[in-house]
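Each residue of the sequence shown is one higher than the one before, starting from 461 at the first, in the working numbering.
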Amino acid sequence: MLLAADFKEKVWGGRRLESWFEEMPAEPAPIGEAWVLSAHPCGPTTVTNGPLAGRTLSELYDDFPLLIKVLSSEDDLSVQVHPSDDYPHLRAGESGKSEVWLVLDAAPGASIIYGLAEGVTPDSLRRALERAQHDVMDCFRR
């Protein structure tokens with residue numbers, strides 16, 4: 461089964477995904493994500509061959525557990541917060557989100573922030589942000 465990706469415009473995106481996806485939109489908008497396996501209502505992928513051609517994964521599956529994206533960032537990504545399944549404010553039918561990253565390519569000096577640095581508390585981070593300290597980035601784990 462072959463699938464057509466759903467492309468997402470992002471302010472931090474660019475055009476680097478063109479080398480990976482022939483079907484990327486031609487307009488010069490900054491594309492940050494290609495959803496390559498998705499039944500999510502905001503961007504289901506479409507089957508492109510065989511007897512199911514033209515149907516989306518959301519039409520074929522009531523509850524598909526994966527969302528696989530290829531990201532291309534030309535600038536800092538927006539902050540992402542993903543609750544787990546036990547988060548009390550999930551809406552009916554929603555599930556939490558576990559996440560795995562595999563970095564395929566990165567510019568020299570690129571990094572991923574994945575939490576607070578050792579010894580940084582939410583209160584000390586809040587104080588650093590309120591004072592607009594230039595070293596706020598030192599509060600994070602990379």
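Every residue, glycine too, gets a C-beta built ideally from N, C-alpha and C.
Buried or exposed (CB count within 10 angstroms, at least 16 for buried), residue i
i: T581; result: exposed
i: S498; result: buried
i: E554; result: exposed
i: A494; result: buried
i: C502; result: exposed
i: L564; result: exposed
i: L477; result: buried
Whether residue i touches residue j by CB criterion (8 Å)
i: G575; j: R601; result: yes
i: K468; j: P490; result: no
i: G492; j: L531; result: yes
i: G473; j: S538; result: no
i: V496; j: K529; result: yes
Close beta carbons around residue i, own chain, < 8 Å, minus the five adjacent residues each side
i: P543; result: H549, L550, G556 and K557
i: C599; result: L576, A577, V580, S584, L585 and A588
i: L512; result: M461 and L520
i: D595; result: A588
Residues that residue i bridges to, as DSSP identifies them
i: T505; result: None; T505 has no bridge partner.
i: V530; result: A494
i: L576; result: F600
i: E590; result: DSSP lists no partner for E590.
i: E478; result: DSSP, once it has assigned bridges, lists no residue as partnering E478.
i: F467; result: A494
i: T581; result: Paired residue(s): none; T581 is not in a bridge.
Own chain residues within Cβ distance below 7 Å of residue i, not counting five before or after
i: Y521; result: A499
i: S571; result: R602
Beta-carbon proximity list for residue i, same chain, < 6 Å, skipping 5 on both sides
i: T516; result: P504 and T506
Practice task
State whether the stretch 464-479 contacts the stretch 497-515, with contact taken as three or more CB pairs (one from each stretch) at a distance under 8 Å.
Solution key: yes
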